[in-house]
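Read in order, the letters of the sequence shown are residues 267 to 481 in this note's numbering. Yeah, the Cβ is synthetic: ideal placement off N, Cα and C, and Gly gets one too. Nothing here was measured: the structure is a model prediction, and the numbers come from that model.
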Amino acid sequence: MSWFSNLFKSSSATEATDSQKDNLPPILKKLRIKNTVSITASCEAELKGFREFTYSPLPQRIFSIGSLSIAQQTVYRYYLWDDETWLQVSYDKNAPEKSIEIILFYWLRSKTLTSSELTDEVKLPLSKQQWEHQGKVFERCWNTAIKNDIPTVEHVVNKDESYSVHFEQMIFSRKLTPARKEYWFYSLEKGETDNTYLQMIAQGFSLDLAELCVN
Numbered sequence: 267m268s269w270f271s272n273l274f275k276s277s278s279a280t281e282a283t284d285s286q287k288d289n290l291p292p293i294l295k296k297l298r299i300k301n302t303v304s305i306t307a308s309c310e311a312e313l314k315g316f317r318e319f320t321y322s323p324l325p326q327r328i329f330s331i332g333s334l335s336i337a338q339q340t341v342y343r344y345y346l347w348d349d350e351t352w353l354q355v356s357y358d359k360n361a362p363e364k365s366i367e368i369i370l371f372y373w374l375r376s377k378t379l380t381s382s383e384l385t386d387e388v389k390l391p392l393s394k395q396q397w398e399h400q401g402k403v404f405e406r407c408w409n410t411a412i413k414n415d416i417p418t419v420e421h422v423v424n425k426d427e428s429y430s431v432h433f434e435q436m437i438f439s440r441k442l443t444p445a446r447k448e449y450w451f452y453s454l455e456k457g458e459t460d461n462t463y464l465q466m467i468a469q470g471f472s473l474d475l476a477e478l479c480v481n
């Protein structure tokens, strides 16, 4: 079963346990992200002005928590019960207080590919410096100068289980305003039992800490 399906299967959809939350680093405890998350009304109205970005009304209960590391950066992902959105919080390991980045992502589409459909063109976004969409140019977020800079393992926990997901991914961004960025997420995951691949694409927007309400 794919990591996307596994995250949202109803049989195990539940919030992370207190013990798992206690394993979060101090900076995330400070943000108090535990059970639910919502964004301010003004920010929600602004984001809904983008044609492709729609989502169920928040607040949303956190379904599971994913984590991964890349170079000096730590990334935590909070998958929400609406099955459509996830919140990404990342920071530099050497200066967490000064480098917090918060992105609200919305799943746009997924597609199952056979091995013959996994062409160089399909894999190209993982190594490109730029992503182009509707005439807009997005820059690669993770530095290609860093060896093995494409993260391939995400560790996920929820109340019932913990597991690792193996896939390749990349994130691109462009500045919308001095205070807001737009992001694109692209990933490919090999099937566990067959020779297929799951292609996932998501769109996201940066959030300021003041725009985020958590408990």
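- In this structure, Tyr-344 keeps its C-beta atom at 7 Å or more from the C-beta atom of Ile-336.
- Sequence-distant Cβ neighbours of Asn-360 in its own chain, meaning closer than 8 Å and more than five residues away, are Gln-338.
- Sixteen is the threshold: when 16 or more other Cβ atoms of the shown chains lie within 10 Å of the Cβ of Ser-356, as they do, the residue is buried.
- Met-466 places its beta carbon 7 Å or farther from that of Ser-382.
- The shortest CA-to-CA distance from Tyr-372 to any of Glu-387, Tyr-342 and Thr-351 is the one to Thr-351.
- The beta carbons of Leu-370 and Leu-473 sit about 6 Å from each other, so the pair counts as a contact at 8 Å.
- Taking the Cα positions, Gln-395 is about 39 Å away from Asp-426.
- Remark: C-beta atoms of Leu-379 and Tyr-463 approach each other more closely than 7 Å.
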